[in-house]
Ligand SMILES: NC(=O)c1ccc[n+]([C@@H]2O[C@H](COP(=O)([O-])OP(=O)(O)OC[C@H]3O[C@@H](n4cnc5c(N)ncnc54)[C@H](OP(=O)(O)O)[C@@H]3O)[C@@H](O)[C@H]2O)c1
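Numbering (the numbering used here), first residue to last: 12 to 256.
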């Protein structure tokens, strides 16, 4: 579908990649952008319509779907990462909180906005996943579990929403230059500019594809996991075994 003339809603639009999505949408000709944020006063862009939207709040999600009846592109960008290995002391709590945002939040947005998109001709949903939707980095393993689950939500929704003409795009990236990756010790390699991820996502919507690998790292990971899955797993074990203690 075209971005030109579209009406979009971006979750987590107050900073990081969400802000880049807003920029890219306007640059590509979107006529209206709803910017969702837990604290709408953190939205400073005067071109957008700021809405209070904590994706884990049923009330907020319902209210957003009621208010934003003209949306034809939904960008599920909001995400949380607590940097927890799977067996850390607080790993259950980390996993629950990550699942609330990255899985149930995404599902709740899709369920609430699917009828809106259907009414507006089908439209598109882009879900911000990660390379760790495909493998488990030991240092933030609970986040990886949530992004694996979010991929399954994305794939399941795509299958069911195809008959109403809604495109569901899964977007993968390695380390993006935002606050989220700033805290990761292993993210010391060059990070992808958020603008690139946003622009490639929109191109994916225009091209009608199901999966967007939005940077070089996601292409590399995709290929190396497929070429040598066991070798890839061994490299994750090595990372853990050789971690600084
Ligand atoms: N950075 C990376 O390396 C990387 C790589 C691959 C994928 N991703 C994914 O890309 C997306 C954007 O991440 P980012 O890098 O921009 O991270 P970020 O800088 O940490 O921003 C996260 C955004 O999500 C919002 N958010 C968190 N919990 C929320 C909730 N319950 N309801 C609504 N909004 C919520 C935050 O809002 P507040 O300001 O209120 O906290 C913020 O706007 C996420 O889905 C992330 O998992 C990131």
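Beta carbons are placed, not taken as given, at the ideal position from N, Cα and C, and that holds for glycine.
All values derive from a computational prediction rather than experimental measurement.
### Query
DSSP three-state call for residue 14: helix, strand or coil?
Translated into positions along the chain shown, residue 14 becomes position 3. Reduced to three states, the DSSP call for residue 14 is coil.
### Minimum length 3: unbroken beta strand (DSSP E) runs contained in the stretch 192-243
222-224
#### Entry: Where residue 86 falls, given that 16 or more other Cβ within 10 Å makes a residue buried
Your numbering for residue 86 matches position 75 in the chain shown. Classification of residue 86: buried, given that the 10 Å Cβ count is 16 or more.
### Message
Does the distance between the C-beta of residue 118 and the nearest non-hydrogen atom of ligand 1 fall short of 7 Å?
### Response
Taking the chain shown and counting its residues from 1, the one referred to as residue 118 is at position 107. No, the beta carbon of residue 118 sits no closer than 7 Å to any heavy atom of ligand 1.
### Query
Under three-state DSSP, which class holds residue 54?
Within the chain shown, the letter at position 43 stands for residue 54. Coil at residue 54, not helix or strand.
### Message
Classify residue 190: buried if its beta carbon has 16 or more other beta carbons within 10 angstroms, exposed otherwise.
### Response
Numbered from 1 along the chain shown, position 179 holds the residue referred to as residue 190. The residue in question, residue 190, is exposed, as its Cβ has fewer than 16 Cβ neighbours within 10 Å.
### Top-ranked residue by Cα proximity to residue 95, from 54, 13 and 110
Here residue 95 refers to the residue found at position 84 of the chain shown. Among 54, 13 and 110, the Cα nearest to that of residue 95 is on 110.
### Query
So which of 115, 120, 188 and 170 has the shortest CA-CA distance to residue 160?
As a first step, residue 160 must be located in the chain shown, where it is residue number 149. Answer by Cα proximity: 115.
#### Entry: residue 146 beta carbon near ligand 1 (any heavy atom closer than 7 Å)
Your numbering for residue 146 matches position 135 in the chain shown. No, ligand 1 has no heavy atom inside 7 Å of this Cβ.
### Query
From which residue to which residue does the beta strand (DSSP E) around residue 47 run?
Within the chain shown, numbered from 1, the residue matching residue 47 stands at position 36. That run of the beta strand (DSSP E) goes 43-48.
### Task
Return the bridge partner residues of residue 164 from the DSSP annotation.
Translated into positions along the chain shown, residue 164 becomes position 153. Looking at the DSSP assignment, residue 164 forms no beta bridge with any residue, so it has no partner.
### Query
How many Å lie between residue 84 and residue 24 at the Cα?
Translated into the one-based positions of the chain shown, residue 84 becomes position 73. Translated into the one-based positions of the chain shown, residue 24 becomes position 13. Near 14 Å, if we compare the C-alpha coordinates of residue 24 and residue 84.
### Query
Does residue 128 come within less than 8 Å of chain B when only Cβ atoms are used?
Of the chains in the structure shown, none is chain B; there is only one protein chain.
### Message
According to DSSP, simplified to helix, strand and coil, what is residue 112?
### Response
For the purposes of this step, residue 112 is taken as the residue at position 101 of the chain shown. Looking at residue 112 - three-state DSSP - the assignment turns out to be helix.
### Query
What three-state label does DSSP hand residue 131 in the structure shown?
Position 120 of the chain shown, counted from the start, is the residue given in the question as residue 131. Three-state DSSP puts residue 131 in coil, outside helix and strand.
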